[in-house]
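Numbering (our numbering), first residue to last: 7 to 520.
Quick reminder that beta carbons are idealized off the backbone N, C-alpha and C, glycines included.
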Amino acid sequence: MSEVIDSNLEKKNGIVTVDSVTGGSSAENRSLSSKKVDWKTKIRGIIWDSLDKSPEERKFVFKVDCWVMSYICVAYFVKYLDSMNVSNAYVSGMKEELHFGGLQYNYLSTWYYIGYIIGQIPSQVAINYIRPSIWLPANELLYGAFVMAMAGAKDVKTLYALRFFIGLFESTAYVGIMTILSNFYLPDELGKRTCIFQTSSSAAQMFSGYLQTGLHKGMDGVGGLSAFRWLFIFDGIITIPVAIVGFFAIPDEPLSSKAFWFNEKDREIAISRLKRGNRNTKPNMKFQDFLDMCVDWPIYLFSLSFICHVVAIRLYGYMNLWLKSTGTFSISQINNLPTAGYGLQIFATLCWAWLSDAVGNRWSIITLACTPAIIGSIILWVWPSNQSALFAGWYLMFAETGAGALFISWMSETLGTAVEQRYLMIGVAEATSFIFTAAIPIYLYPADKAPRYPYAYPITFMFFTLEAVVTLVIALIQRLERKGVLRNKHLFLSKTQEILIEEEQARKDNKEAV
């Protein structure tokens, strides 16, 4: 076993050196780089990462793409429909019908985020004991039911309670999906797929605007219900079949998957790929793992940068309030004009994904993604009298969103072997970022101050700038670790790597015995 372990990790003076971008050891990467690779193969690998792999591995990756990627993109699309529909509902009659006033619109988001924060870390612990193929779809069914219940709300306080439970059950989705992706994809595959997955949320927000516009024109008053109530009903109904598919599509993790489409040959290929990329999937979580995570730098710096990202991107969600405040746009225009920003968001996110894999690192592209958002926040801070300039400022804010998916990929790659810490850290980073997101918008974006929020634009500029700076600091630390200047504690061999190797050997022994 020690020979297998030593082949995966290069040790220098007690330091394990692993390339935090490619996921392979530095010794392995030097060996690979020393081989002559045809330029056409390189180009194919950049265009789509499975094209430069063996036919057997290409078939495996394609199979996982068909089942896992298809499901999670649709599931996250639906999740975002369910969580963000209040924005479209608010500007389409809900404000007037339920008599919103003061900061009540902000509190809708706050109660959602409180539930979201409470649920994230327990969810990451729960999937160690309950199969993700059961846990995630079950929660999806629950939040779909609560979304439909919003159609019957008679007052704002009822919406507060429903939004809390929607946030609680939806908290399982993002962290659970990212964990599944890190279980089946290698680092050179993860960037594109996390960003493709991220674009499904942008598509959902585009679709929500168009759906509300259509419902306002065709369903307003049908059955005695306002159009915004029909939006909640439609979104909830869409959730149910997607959740049912999840019970069959989600493969859990390679060692114990019971998915009907995941056979023994797939299991062998998956385990071989995980070992090749120093990636573990089977956790043996103990309280000591949490303590180990707390005394290492990734939890603090990645969380800080991710907090800046999550808080800053919230600004573009208030574009429709600016449109409504002008008094010059119809309800259809208020719902449809922001969708151009989501289209830009999809395009930019895919660009960041391909660029990140092409250049071979995450930090440079995350920093690049911050640039248009910083420019946009400056424009809104200045607040020019020219309406076209304001549109440009708002739309530029959308371009940075894809950096979030690259952050999660980078975290997973940095903690590739420390599976327990990887599970916890994704949950902690998400939870801490949404703690700030729950509290800060009340003060940054008070609905009664829209659209000239006194503090929002300069503070958003500050968060985007700090995100870029912390990203550069993380890149510098990892460079020093690879050179052996700093001790690389978080990349020491995880206990679960030994478990993985032992179980694979036992499986082979059983097959030979039969």
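Of the residues the options, the one placed nearest residue i, counting alpha carbons only
i, options, result
"residue 182", "126, 233 and 491", "126"
"residue 407", "102, 320 and 241", "320"
"residue 443", "466, 430 and 458", "466"
"residue 151", "171, 164 and 133", "171"
"residue 446", "412, 117 and 148", "117"
"residue 350", "377, 402 and 327", "402"
"residue 249", "179, 236, 103 and 196", "179"
"residue 111", "230, 259, 163 and 175", "163"
"residue 436", "108, 490, 130 and 451", "130"
"residue 109", "191, 453 and 411", "453"
"residue 87", "68, 73 and 176", "176"
"residue 239", "326, 457, 157 and 378", "157"
"residue 414", "174, 231, 318 and 197", "197"
"residue 84", "315, 335 and 207", "207"
"residue 101", "234, 377 and 329", "234"
"residue 404", "329, 376 and 153", "376"
"residue 481", "304, 313 and 451", "304"
"residue 378", "399, 121 and 332", "399"
"residue 243", "68, 69 and 149", "149"
"residue 115", "261, 324 and 65", "324"
"residue 361", "194, 318 and 486", "194"
"residue 420", "105, 268, 332 and 484", "484"
"residue 263", "488, 146 and 190", "190"
"residue 374", "470, 299, 313 and 331", "470"
"residue 336", "68, 67, 99 and 71", "99"
"residue 66", "184, 329 and 271", "271"
"residue 227", "313, 427 and 103", "103"
"residue 267", "188, 68, 474 and 434", "68"
"residue 153", "258, 92, 186 and 192", "92"
Residue environment, residue i, which counts as buried when at least 16 other CB atoms sit within 10 Å
i, result
"residue 97", "buried"
"residue 160", "exposed"
"residue 36", "No answer about residue 36 holds up, because its pLDDT of 33 lies below 50 and its placement is not dependable."
"residue 134", "exposed"
"residue 59", "buried"
"residue 247", "exposed"
"residue 523", "Outside the shown range of the chain, which is 7 to 520, sits residue 523, and nothing can be said about it."
"residue 460", "exposed"
"residue 389", "exposed"
"residue 371", "buried"
"residue 491", "exposed"
"residue 301", "exposed"
"residue 457", "buried"
"residue 477", "buried"
"residue 438", "buried"
Coil, strand or helix - residue i by DSSP
i, result
"residue 341", "helix"
"residue 101", "helix"
"residue 366", "coil"
"residue 106", "coil"
"residue 491", "coil"
"residue 313", "helix"
"residue 360", "helix"
"residue 138", "helix"
"residue 333", "coil"
"residue 5", "A query on residue 5 cannot be resolved here, the shown segment of the chain reaching from 7 to 520 and no further."
"residue 498", "For residue 498, the predicted model reports a pLDDT of 42, less than 50, meaning its position is unreliable; a value from the coordinates is still stated below. It is coil, neither helix nor strand."
"residue 298", "helix"
"residue 129", "helix"
"residue 304", "helix"
"residue 349", "helix"
"residue 391", "coil"
"residue 386", "helix"
"residue 472", "helix"
"residue 230", "helix"
"residue 148", "helix"
"residue 192", "coil"
"residue 38", "Confidence at residue 38 is low in this model, with a pLDDT of 36, below 50, so its placement is unreliable and no value can be given for it."
"residue 461", "coil"
Proximity test, Cβ basis, 8 angstroms: residue i and chain B
i, result
"residue 181", "Looking at the structure shown, chain B is missing, and only one protein chain is on hand."
Can you check the region 232-286 for any alpha helix (DSSP H) of at least 4 residues that lies completely inside it and give the ranges in chain order? Taken in chain order, the complete alpha helix (DSSP H) segments of 4 residues or longer contained in the region 232-286 are 233-255 and 270-282.
Three or more C-beta pairs under 8 angstroms: does that hold for the region 202-222 against the region 340-351? Judged by Cβ distances under 8 angstroms, the region 202-222 makes contact with the region 340-351, as three or more pairs qualify.
Per the contact definition of three or more C-beta pairs closer than 8 angstroms, is the region 253-266 in contact with the region 132-149? yes
Tell me, please, whether the region 346-360 touches the region 199-208 by the rule of three or more beta-carbon pairs shorter than 8 angstroms. yes
Does the region 270-281 come close enough to the region 380-393 to have 3 or more Cβ pairs within less than 8 angstroms? no
Would you check if there are 3 or more beta carbon pairs closer than 8 angstroms linking the region 306-321 to the region 390-399? no
Beta strand (DSSP E) runs contained entirely in the region 403-459, provided each spans 3 or more residues: none
Runs of beta strand (DSSP E) wholly within the region 57-87 (minimum 3 residues, chain order): none
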